[in-house]
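Residue numbering for the sequence shown follows this note's numbering, beginning at 9 and increasing consecutively. Beta carbons are placed, not taken as given, at the ideal position from N, Cα and C, and that holds for glycine. Computed from a predicted structure; not experimentally measured. Only one structure is covered here, and it is reproduced in the block below.
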Amino acid sequence: MYQKVLLPVDLNEEASWKKALPTAVTLCQTFGASLHIVSVLPEFKMPMVGAYFPKNFSEKANAAMKEAQQTFIQENVPKDIKTQSIIVDGSPWEAIIKVGKQVNADLIVMASHTKHKFVDYVLGPNAEHVVHHAKVSVMIVR
């Protein structure tokens, strides 16, 4: 039924994956699907934003995120699941949809918002936008 499952993960916020990851792993194991884990960095390359950061900050942040994501995968994803690590810049919900199209995902699994005010602000609206704008099935895990 599913061949490619996309899982957005905020490595700084466990609530973004703690419940969604086991669901995505189970679906991948059940259907023999691959797991595509995406993390979104803020857009540091914009001139207005980039001027406030040291030179090469975006590249360093991307490399640090890639390393952290690889560690996350090694610690949390069973070895029998084919997994792809993806780091992108930009608006979270737009980046999630864009990556979903690029990898040809047939399911996006993501966590709903939590009770933490900041996380509500970040995850709630993004999950809602993904649900409304994605052209593939979206599973919100509570």
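Listed as beta-bridge partners of Asp97 by DSSP are Leu49.
Here the alpha carbon of Ile116 sits roughly 20 angstroms from the alpha carbon of Lys74. According to the DSSP assignment, Pro30 belongs to the alpha helix (DSSP H) that extends over Ala28 to Phe39. Looking at the backbone, the Cα of Tyr10 and that of Glu21 are separated by about 27 angstroms. Taking 8 angstroms as the cut-off, the Cβ atoms of Gly108 and Val48 do not count as close.
Lys87 carries a coil assignment under DSSP once its states are collapsed to helix, strand and coil. In this structure, Lys27 lies near Val149, with their beta-carbon atoms less than 8 angstroms apart. Beta-bridge pairing by DSSP links Met147 to Val117.
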